[in-house]
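Trainee: Plus 25 on top of the position in the sequence shown (first one is 1) and you've got the working numbering.
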Amino acid sequence: MMVQKQHFKPKSVLIMASGNGSNFEAIVKYFRAKGFQDKVKFELLCDKKGAPVLDRAKTLGIPAFCIEFEKFYDFLAARKGEYDLYVLAGFMRVLPEKILEISSNGVFCANSLANIINIHPSLLPEFKGKNAIARAFEAGAKETGVTVHFVQKEVDLGYIIARQPLKTEGLGLSALENEIHKIEHSIYPETIEKLLFKKNVLVFGGGAREHAIASVISSSPFLKRLYLANPNDGFKNLGETINFSDYLDLLQKSIEKRVDILVVGPENPLCEGIADVFEKGGIKVIGANKDWARLEGSKSFAKKFMQRNDIKTADYKLAFDEKSLECALEYFANSKTLAPPVIKADGLALGKGVFVPNDFSEAKKNAKEFLDGKFGAASEKILLEERLFGKEVSIISLWDGKTLVSFPPASDYKKLLEDDKGPNTGGMGAVAPSEITLKQKNEIEEYLKTLEAALVREKADFCGVIYSGLILTDDGPKVLEYNMRFGDPECQALLELLDVSRGVDLLDIFIKMTEKKLKKSDLKIADKKAYCLVLASDGYPSNPKKGAEIKNLDAAKEYGCKTYFAGVKTSQGSLTVSGGRVLSIVKSGEDTREFVYKTAESIKFDGKIYRKDIGKK
Ligand code: GRF
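(1) For phenylalanine 49, is the beta carbon positioned less than 7 Å from some heavy atom of the ligand GRF?
(2) By DSSP, does leucine 39 sit in helix, in strand, or in coil?
(3) On a CA-only basis, which of Val289, Leu79 and Lys59 is nearest valine 490? Give me that one, please.
(4) Would you decide whether glutamine 29 is buried or exposed? Buried here means 16 or more other CB atoms lie within 10 Å of its CB.
(5) Give every residue of the same chain whose Cβ lies closer than 6 Å to the Cβ of leucine 543, excluding the five residues on either side of it in the sequence, and list them in chain order.
(6) Which whole runs of the beta strand (DSSP E) in the stretch 478–517 are 3 residues long or more, in chain order?
(7) Within 10 angstroms of the Cβ of alanine 164, are there 16 or more other Cβ atoms? Answer buried if so, exposed if not.
(8) At a cut-off of 7 Å, would you count histidine 145 as near the ligand GRF, judging by its Cβ distance to the nearest heavy atom?
(9) Under the criterion of a Cβ to heavy atom distance below 7 Å, does isoleucine 209 qualify as lining the ligand GRF?
(10) Give a single yes or no on whether asparagine 156 has its beta carbon closer than 7 Å to a heavy atom of the ligand GRF.
(11) Is the distance from the Cβ of leucine 519 to the Cβ of lysine 416 below 8 Å?
(12) Compute the Euclidean distance between the alpha carbons of leucine 532 and lysine 390, then round it to the nearest angstrom.
(13) Could you tell me which whole alpha helix (DSSP H) segments of length 4 or greater appear in the stretch 542–585?
(14) Measure the C-alpha to C-alpha separation of valine 302 and proline 294 and round it to an integer number of angstroms.
(15) What does tryptophan 424 pair with, by DSSP beta-bridge criteria?
(16) At a cut-off of 7 Å, would you count asparagine 203 as near the ligand GRF, judging by its Cβ distance to the nearest heavy atom?
(17) In the structure shown, what three-state DSSP assignment does phenylalanine 94 receive?
(18) For the ligand GRF, I want to know if alanine 42 counts as a neighbour, meaning its beta carbon is within less than 7 Å of at least one of the ligand's heavy atoms.
(19) Ordered along the chain, which non-local residues of its own chain (more than five positions away) have a Cβ less than 6 Å from that of glycine 614?
(20) Which class does arginine 606 belong to by DSSP, given the choice of helix, strand or coil?
(21) I'd like to confirm something about valine 78: is its beta-carbon nearer than 7 Å to some heavy atom of the ligand GRF, or not?
(22) From the DSSP output, in three-state form, read off aspartate 346 for me.
(23) Which residues in the same chain have their Cβ closer than 8 Å to the Cβ of glycine 106, if we skip the five residues on either side of it in sequence?
(24) Specify whether the stretch 565–578 and the stretch 443–452 touch according to this definition: at least 3 beta carbon pairs, one from each stretch, less than 8 Å apart.
(25) Going by DSSP, what residue range makes up the alpha helix (DSSP H) through isoleucine 158?
(26) Could you tell me the alpha carbon to alpha carbon distance between leucine 373 and glycine 298, rounded to whole angstroms?
(27) Under three-state DSSP, which class holds valine 28?
(28) Pick out whichever of Gly494, Cys557 and Phe49 has its Cα sitting closest to the Cα of threonine 84.
(29) Suppose the cutoff is 7 Å on Cβ atoms and the five residues either side in sequence are ignored; what does the same chain contact list for aspartate 109 look like?
(30) Using the three-state DSSP reduction, which class does proline 190 fall into: helix, strand or coil?
(31) Would you give the residue range spanned by the alpha helix (DSSP H) that proline 214 belongs to?
(32) Going by DSSP in three states, aspartate 274 sits in which element: helix, strand or coil?
(33) Does DSSP classify leucine 320 as helix, strand or coil?
(34) Any idea if glycine 60 is buried or exposed, counting beta-carbon neighbours within 10 angstroms, 16 or more meaning buried?
(35) For the candidate residues Lys406, His236, Phe229 and Gly183, whose alpha-carbon lies nearest to that of leucine 148?
(36) For alanine 358, does the three-state DSSP call read helix, strand or coil?
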């Protein structure tokens, strides 16, 4: 399929500078080196006669205006709407509110009035104001760096768009200044490029996980438009829904809408090859291709991958009929642990295709039920797996085809009832990071190195998510399963941990992934705990009650919690229950658990059920 050619109106950038102008020059040269002369036009506004930046403008052939600061407002007001972005590059003045207002143009600038960005040579909020590098040096800071932020009324404050740290060890003042400037000259043009060429993103999926992903992306300064495929009624207001008949149809419509990146939430479309369809159509995808989605879609494929790569996992046998089942059961009856094996459907079963028996007769009975079609085609083939003991954690990693970057471990509460009783569900809550020992942390890091090496060795040519379901045994971590997407509900908790104050932005990370430029340092995690509690509907997971009206959702705000919707639909103007897992309540930071539960009590619907022990010590 042909990708339509895009026609650009050149972007127009006004750089305000009054000093040396090295950033000004670096910005102009960066875009020229990319061959963007026709795509991005620059002008310079300066308030200081004789400033070196004016000479640089002359040499570079950039139109420059040198006027008194008092006349800036009139200058800018006369050109209102002409510039796509205003860039401060060594402009040592505080801009009055009326100038900030002019620049906004209805462009998203993260609670700042202005579509004006600034670069500061420190890790804001540290060392605001003048002589930041020297002051960091004199204070003996072990780390300083560079921050790019939207401009607000107060000096060096405002939404942080990008931030790059620098270790100061062994650097004298002038070497430190040089290093800082080197960082400035790359981070500033790169950020400007991302703000000028924002992305259209399509989020696929209609659960609380996709609501969380869409919500976080919707507040990214790098987003142009958000599109949604199959959203539920609880979050469709976040973007424009694209209706479609099949993946090819969705691709065609996405091309028309100029979607740049597709983010796939659930596993089914990945296993069906949605990523392959979009990649072929020229749209980047966050989500595994069909080949690699088999790590989740076929447990036996995953086992073979682990065996080939010396990744520790439970011993297993396959069964597909009565005879092979008997053989497998006999194998475990003679094994050293003598414990009955865990029964797993080979294919996708909505996270529910696992049974942990208490004895061999239970194992046999359930294995037969699986083979007799309990999960349809997904359990035509089953695995009987050695039972392992230990704490379970979910590790969600991002993979760009070269580098694996992981979130801290999260704990998922799979069982319906308190104390891990009752049937398996899609997840009743999550806490992140999980509480683990230092030894376990180190072992997990070793495991992740092995996984990364395996993906490199096998040339895993996709860009997406790998979720390792690990069990932390006395013998080190072993893999229980792979999923090829963010876990739900782990995702809702983990996204809370992205350290926005250090410039971490999920869409930015996705963009880097699609460019194969993911770095370990891109995923900075805030030092706090996040909780996600799922409110479900009575009868879940087998036969949830539907139709009840959901009331008092505002309680979440009162307690500083977020709500992400799953099984909901609008009916006669109200949000009602339409599925088993209704919504997730999420919060991170201080007093989190208490407020999550207060919100859970306050939100009302008939048949509301939830576990009371999520994150309980
Ligand atoms: C830079 O250090 C920048 O961070 C700060 O002012 C300085 C400008 O340097 N806002 P130059 O004029 O671009 O050389």
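Even glycine gets a Cβ: it sits at the ideal position worked out from N, Cα and C.
Mentor: Reading off the structure:
(1) In the sequence shown, the residue the question calls residue 49 occupies position 24. Indeed, a heavy atom of the ligand GRF lies less than 7 Å from the Cβ.
(2) Residue mapping note: residue 39 aligns to position 14 of the sequence shown, counting from 1. Strand.
(3) Taking the sequence shown and counting its residues from 1, one reaches residue 490 at position 465. The shortest Cα separation from valine 490 among Val289, Leu79 and Lys59 belongs to Val289.
(4) Here the question's residue 29 lines up with position 4 in the sequence shown. Reliability fails at glutamine 29, whose pLDDT of 49 lies under 50, so the model's placement of it is uncertain and the value that follows must be treated cautiously. Exposed, by the Cβ-count rule.
(5) For the purposes of this step, residue 543 is taken as the residue at position 518 of the sequence shown. Cβ neighbours of leucine 543 beyond the five flanking positions: Asp425, Thr428, Val430 and Lys537.
(6) Restricting attention to beta strand (DSSP E) runs no shorter than 3 residues, the stretch 478–517 encloses them at 489–498 and 501–508, ordered along the chain.
(7) Within the sequence shown, the letter at position 139 stands for residue 164. Exposed.
(8) Mapped onto the sequence shown, residue 145 falls at position 120. Yes, the beta carbon of histidine 145 sits closer than 7 Å to at least one heavy atom of the ligand GRF.
(9) To locate residue 209, count along the sequence shown from 1; it is residue 184. Here residue 209 turns out to be glutamate, not isoleucine, going by the sequence shown. Yes, the ligand GRF has a heavy atom inside 7 Å of this Cβ.
(10) Counting from 1 along the sequence shown, the entry for residue 156 is found at position 131. Asparagine 156: no, Cβ never under 7 Å from the ligand GRF.
(11) One-based indexing of the sequence shown puts residue 519 at position 494. One-based indexing of the sequence shown puts residue 416 at position 391. No; because the gap between Cβ atoms is not below 8 Å, this pair is not in contact.
(12) As a working mapping, residue 532 is identified with position 507 in the sequence shown. As a working mapping, residue 390 is identified with position 365 in the sequence shown. Taking the Cα positions, leucine 532 is about 47 Å away from lysine 390.
(13) Fully enclosed alpha helix (DSSP H) runs of no fewer than 4 residues occupy 580–583 of the stretch 542–585, in order along the chain.
(14) Counting from one through the sequence shown, the residue named residue 302 turns up at place 277. Counting from one through the sequence shown, the residue named residue 294 turns up at place 269. Computed Cα separation, rounded: 11 Å.
(15) Counting from 1 along the sequence shown, the entry for residue 424 is found at position 399. DSSP, once it has assigned bridges, lists Leu429 and Gly489 as partnering tryptophan 424.
(16) In the sequence shown, residue 203 corresponds to position 178, counting from 1. Answer for asparagine 203: no, Cβ out of range of the ligand GRF.
(17) Reading the sequence shown from its first residue, position 69 is the one you call residue 94. DSSP places phenylalanine 94 in helix when its eight states are reduced to three.
(18) By one-based count along the sequence shown, residue 42 stands at place 17. Flag set: Cβ of alanine 42 near the ligand GRF.
(19) On the sequence shown, residue 614 is found 589 positions in, with the first residue counted as 1. If the five residues before and after glycine 614 are omitted, its C-beta is found closer than 6 Å to the C-beta atoms of Lys553, all from its own chain and listed in chain order.
(20) Here residue 606 corresponds to residue number 581 of the sequence shown, with the count starting at 1. It is a strand residue.
(21) Taking the sequence shown and counting its residues from 1, one reaches residue 78 at position 53. With a threshold of 7 Å, the Cβ atom of valine 78 counts as near the ligand GRF, since some heavy atom of the ligand is closer than that.
(22) Here the question's residue 346 lines up with position 321 in the sequence shown. Coil.
(23) Taking the first residue of the sequence shown as position 1, residue 106 is located at position 81. Taken in chain order, the residues that qualify are Asn130.
(24) With a cut-off of 8 Å on Cβ pairs, the stretch 565–578 is in contact with the stretch 443–452, counting three or more such pairs.
(25) Here residue 158 corresponds to residue number 133 of the sequence shown, with the count starting at 1. Here the alpha helix (DSSP H) through isoleucine 158 covers 157–163.
(26) Taking the first residue of the sequence shown as position 1, residue 373 is located at position 348. Taking the first residue of the sequence shown as position 1, residue 298 is located at position 273. Taken atom to atom, the span from the alpha-carbon of leucine 373 to that of glycine 298 is near 14 Å.
(27) On the sequence shown, position 3 is the one that residue 28 refers to. Here valine 28 scores only 49 on pLDDT, less than 50, and its place in the model should not be relied on; the value that follows carries that caveat. Looking at valine 28 - three-state DSSP - the assignment turns out to be coil, as it is neither helix nor strand.
(28) Translated into the one-based positions of the sequence shown, residue 84 becomes position 59. Nearest option by C-alpha distance: Phe49.
(29) Position 84 of the sequence shown holds residue 109. Taken in chain order, the residues that qualify are Lys36, Ser37, Val38 and Leu221.
(30) On the sequence shown, residue 190 is found 165 positions in, with the first residue counted as 1. Judged by DSSP in its simplified three-state form, proline 190 adopts strand.
(31) As a position in the sequence shown, residue 214 is number 189, starting the count at 1. Unbroken alpha helix (DSSP H) run through proline 214: 198–221.
(32) Numbered from 1 along the sequence shown, position 249 holds the residue referred to as residue 274. Helix at aspartate 274.
(33) Sequence index remark: in the sequence shown, residue 320 carries index 295 (1-based). Assignment of leucine 320 by DSSP, reduced to helix, strand and coil, places it in the helix class.
(34) For this step, residue 60 is matched to residue 35 along the sequence shown. With fewer than 16 Cβ atoms within 10 Å of its Cβ, glycine 60 is classed as exposed.
(35) Locating residue 148 in the sequence shown gives position 123, counting from the first residue. Per the Cα distances, Gly183.
(36) Taking the first residue of the sequence shown as 1, we reach residue 358 at position 333. Three-state DSSP puts alanine 358 in a helix.
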